[in-house]
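Student: To start, I am sharing the structure in question, which I have written as structure tokens.
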Amino acid sequence: MDSSSCIDESSASSDAGAAILSPSPTPPSPPPPLQRMGSGTSTLTIAESSSESRKLPSSQYKGVVPQPNGRWGAQIYEKHQRVWLGTFNLEREAACAYDAAAQRFRGRDAATNFPPLSPDAHELAFLHARSKAEVVDMLRKHTYLDELHHSRLRLSPPPSFLPSASKPPREHLFDKSVTPSDVGKLNRLVIPKQQAEKHFSLPGVVGGEGAKGLLLSFEDGVGKVWRFRYSYWNSSQSYVLTKGWSRFVKEKGLKAGDTVGFYRSKGGDGQLYIECRIRAAVGGVVSPAKVFRLFGVDIMKAAVGANENGKRGLEALEAAMSGPGSAGWFKKQCVVGM
DNA sequence: AATTGTGTTGAC
DNA sequence: TCAACACAATTG
Numbered sequence: 001m002d003s004s005s006c007i008d009e010s011s012a013s014s015d016a017g018a019a020i021l022s023p024s025p026t027p028p029s030p031p032p033p034l035q036r037m038g039s040g041t042s043t044l045t046i047a048e049s050s051s052e053s054r055k056l057p058s059s060q061y062k063g064v065v066p067q068p069n070g071r072w073g074a075q076i077y078e079k080h081q082r083v084w085l086g087t088f089n090l091e092r093e094a095a096c097a098y099d100a101a102a103q104r105f106r107g108r109d110a111a112t113n114f115p116p117l118s119p120d121a122h123e124l125a126f127l128h129a130r131s132k133a134e135v136v137d138m139l140r141k142h143t144y145l146d147e148l149h150h151s152r153l154r155l156s157p158p159p160s161f162l163p164s165a166s167k168p169p170r171e172h173l174f175d176k177s178v179t180p181s182d183v184g185k186l187n188r189l190v191i192p193k194q195q196a197e198k199h200f201s202l203p204g205v206v207g208g209e210g211a212k213g214l215l216l217s218f219e220d221g222v223g224k225v226w227r228f229r230y231s232y233w234n235s236s237q238s239y240v241l242t243k244g245w246s247r248f249v250k251e252k253g254l255k256a257g258d259t260v261g262f263y264r265s266k267g268g269d270g271q272l273y274i275e276c277r278i279r280a281a282v283g284g285v286v287s288p289a290k291v292f293r294l295f296g297v298d299i300m301k302a303a304v305g306a307n308e309n310g311k312r313g314l315e316a317l318e319a320a321m322s323g324p325g326s327a328g329w330f331k332k333q334c335v336v337g338m
């Protein structure tokens, strides 16, 4: 049941001694006009107005292909076989996804759409610290930036200001006693409508066409990061955690009656945590429903709010990327390398 | 039903 | 290697 990508994870990373820490302040510079290389094959004549043009517009970026629905796909070739890097709303996102893959697959000399990463870029070390398959996975799940974010936090030098407690302060949000369907084949965790609407009000989630949802990251008891898609099901009119949930259930061995707790860091980062308490089943019957405790956190607010500080905007970006004009990706990557 | 991602082919 | 095109497999 391993859903590993079609890439092999060979090619040992031999340049592990490049763990540099460069404080790049991520300039909020807008997406720079692409500096393309000589690759005159772009016929950028958007004639979408002409009725139903079944001809999809070619992308001016390398490794980017148009999708029937107007989005863009990213792909790279390796050993005569295509490696799909996912679909994106913006060409730039797809192009940058390709760039990331290219640098991981073919090294820094790889031809890229945007200026390559500087030798001391965080991304470079980050990329090569992971297998190709994992990089591809992050790209496909649009998780790249988020993982990078977490990675950076881990590497960030402890200012010795850490609280006395060994673990960062976190507040309990609520518990959910999982139902049979929560751990069944439906691959979803239902979040009570009341709770969801009160604390997870997400613009666009309930919209008629906005069944896209939002990606949320949780850290479990052992420090592993889990990402779930939070969305609204029109059919059942319920809020659910879908993508990624089944994996969590499987790995944790969750069973009906077990309790899953949700927490949130009291810090400004609003980091979310998830923990599961496996009920010691002694052959007996699991206890029915439990209670949902409310909590005071607004995901959107946490993400956007943090952005006003100018720093940690990745979470906000992540949320923003769910919408139409999302140009948040690789804000930095496209500028580095001058 | 809507989208993604693969099969496949032909050009570079 | 690369991308255009068609379409089957998935997902919401």
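Here full-length UniProt numbering is used: the first residue of the first sequence is 1, the next is one more, and so on. Yeah, the Cβ is synthetic: ideal placement off N, Cα and C, and Gly gets one too. Because the structure is a prediction, the values reported are computed rather than measured.
1. By DSSP, does L216 sit in helix, in strand, or in coil?
2. Once you ignore the five residues that flank T143 on each side, which residues in its own chain have a CB closer than 8 angstroms to its CB?
3. Just list the residues that DSSP pairs W84 with in beta bridges.
4. Where G253 and C276 are concerned, what is the direct C-alpha to C-alpha distance, given to the nearest angstrom?
5. Give the secondary structure of S238 by DSSP, where H, G and I count as helix, E and B as strand, and everything else as coil.
6. Please work out which residues of its chain come closer than 6 angstroms, Cβ to Cβ, to T112, disregarding the five sequence neighbours upstream and downstream, and give them in chain order.
7. Would you kindly report the start and end of the unbroken beta strand (DSSP E) that includes L272?
8. Using the rule of at least 16 other Cβ atoms within 10 Å of the residue's Cβ for burial, across every protein chain shown, is S164 buried or exposed?
9. For A196, I'd like the list of residues in its chain whose CB is within less than 6 angstroms of its CB, leaving aside the five on either flank, ordered along the chain.
10. Looking at the unbroken alpha helix (DSSP H) that takes in H128, where does it start and where does it end?
11. What three-state label does DSSP hand D99 in the structure shown?
12. Using 8 angstroms as the threshold, is the stretch 75-89 in touch with the stretch 54-65, meaning 3 or more CB pairs across them?
13. Give the secondary structure of F114 by DSSP, where H, G and I count as helix, E and B as strand, and everything else as coil.
14. Assign L148 to buried or exposed, taking buried as 16 or more other Cβ atoms, counted over all protein chains shown, within 10 Å of its Cβ.
15. Mind checking which residues open and close the alpha helix (DSSP H) that includes N243?
16. Exposed or buried, K224, counting other C-beta atoms within 10 Å across all chains shown (16 or more means buried)?
17. Measuring straight from C-alpha to C-alpha, what distance separates S217 and S58?
18. For a test of the three-state rule: what should DSSP assign to S131, helix, strand or coil?
19. How about R108 and P116: do their beta carbons lie closer than 8 angstroms?
20. Using three-state DSSP, classify K185 as helix, strand or coil.
21. Quick one: residues in its chain with C-beta nearer than 6 angstroms to the C-beta of K250, no 5 flanking neighbours on either side, listed in chain order?
22. Skipping 5 residues on each side, what residues in its chain have a beta carbon closer than 7 angstroms to that of R71?
23. Determine the DSSP secondary structure at K224, reduced to helix, strand or coil.
24. With H, G and I counted as helix, E and B as strand and the rest as coil, what does DSSP make of R140?
25. On the CB-based measure, 16 or more other CB atoms within 10 Å of its CB, does S246 come out buried or exposed?
26. Quick one: using the 10 Å Cβ neighbour count with 16 as the cut-off for buried, is H80 buried or exposed?
27. For Y77, count neighbouring C-beta atoms within 10 Å of its own C-beta (all shown protein chains included) and say buried if the count is 16 or more, exposed if not.
28. Count the other CB atoms within 10 Å of the CB of R264; is the residue buried (16 or more) or exposed (fewer)?
29. Have a look at Q67 and K55 and give me their C-alpha separation to the nearest angstrom.
Tutor: With the given structure in hand:
1. In the first sequence, the residue the question calls residue 216 occupies position 216. In the structure shown, L216 sits in a strand (DSSP, three-state: E or B).
2. Working through the first sequence from its first residue, we reach residue 143 at position 143. Once the five neighbours on either side are set aside, the close Cβ partners of T143 are D137, L215, R227.
3. As a working note, residue 84 is residue 84 in the first sequence. According to DSSP, which records beta bridges pairwise, W84 is partnered with Q75.
4. In the first sequence, residue 253 corresponds to position 253, counting from 1. In the first sequence, residue 276 corresponds to position 276, counting from 1. Looking at the two C-alpha atoms, the distance is approximately 10 angstroms.
5. Position 238 of the first sequence, counting from 1, holds the residue named residue 238. S238: strand per DSSP, three-state reduction.
6. Within the first sequence, numbered from 1, the residue matching residue 112 stands at position 112. If we look at T112 and ignore the five residues flanking it on each side, its Cβ neighbours are D99, A102.
7. Along the first sequence, one-based indexing puts residue 272 at 272. L272 -> beta strand (DSSP E) spans 272-277.
8. Within the first sequence, residue 164 is the residue found at index 164, counting from 1. Its pLDDT being 47, under 50, S164 is placed unreliably by the model, and the measurement read from it follows with that caveat. Exposed.
9. Taking the first residue of the first sequence as position 1, residue 196 is located at position 196. Only Y239 meet the Cβ criterion.
10. One-based indexing of the first sequence puts residue 128 at position 128. Annotation for H128: the continuous alpha helix (DSSP H) segment containing it runs 122-128.
11. As a working note, residue 99 is residue 99 in the first sequence. Looking at D99 - three-state DSSP - the assignment turns out to be helix.
12. yes
13. Your numbering for residue 114 matches position 114 in the first sequence. Looking at F114 - three-state DSSP - the assignment turns out to be coil, as it is neither helix nor strand.
14. Along the first sequence, one-based indexing puts residue 148 at 148. With 16 or more other Cβ atoms within 10 Å, it is buried.
15. To locate residue 243, count along the first sequence from 1; it is residue 243. Here residue 243 turns out to be Lys, not Asn, going by the sequence shown. Counting along the chain, K243 falls outside any alpha helix (DSSP H), and DSSP gives it neither H nor E.
16. Stepping through the first sequence from its first residue, residue 224 is reached at position 224. K224 should be labelled exposed.
17. Walking along the first sequence from the start, residue 217 turns up at place 217. Walking along the first sequence from the start, residue 58 turns up at place 58. One C-alpha to the other measures close to 34 angstroms.
18. Residue mapping note: residue 131 aligns to position 131 of the first sequence, counting from 1. In the structure shown, S131 sits in coil (DSSP, three-state: anything other than H, G, I, E or B).
19. Position 108 of the first sequence, counting from 1, holds the residue named residue 108. Position 116 of the first sequence, counting from 1, holds the residue named residue 116. Closer than 8 angstroms, so yes.
20. What you label residue 185 is simply residue 185 of the first sequence in a count that begins at 1. Correct three-state label for K185: coil.
21. Residue numbering aside, residue 250 sits at position 250 when the first sequence is read from its first letter. Nothing listed; no residue qualifies.
22. As a working note, residue 71 is residue 71 in the first sequence. Closer than 7 angstroms at Cβ, skipping near neighbours: T87, F88, N89.
23. By 1-based counting over the first sequence, the position of residue 224 is 224. Correct three-state label for K224: coil.
24. In the first sequence, the residue the question calls residue 140 occupies position 140. In this structure, DSSP gives R140 a helical state, which the three-state scheme calls helix.
25. Within the first sequence, the letter at position 246 stands for residue 246. So S246 counts as buried.
26. Taking the first residue of the first sequence as 1, we reach residue 80 at position 80. Counting Cβ neighbours within 10 Å, H80 comes out exposed, since fewer than 16 surround it.
27. The count along the first sequence starts at 1 and reaches residue 77 at position 77. With fewer than 16 other Cβ atoms from the protein chains shown falling within 10 Å of its own Cβ, Y77 counts as exposed.
28. On the first sequence, residue 264 is found 264 positions in, with the first residue counted as 1. Residue environment analysis places R264 among the buried positions, since at least 16 neighbouring C-beta atoms fall within 10 angstroms of its C-beta.
29. Your numbering for residue 67 matches position 67 in the first sequence. Your numbering for residue 55 matches position 55 in the first sequence. Q67 and K55: Cα-Cα distance of roughly 11 angstroms.
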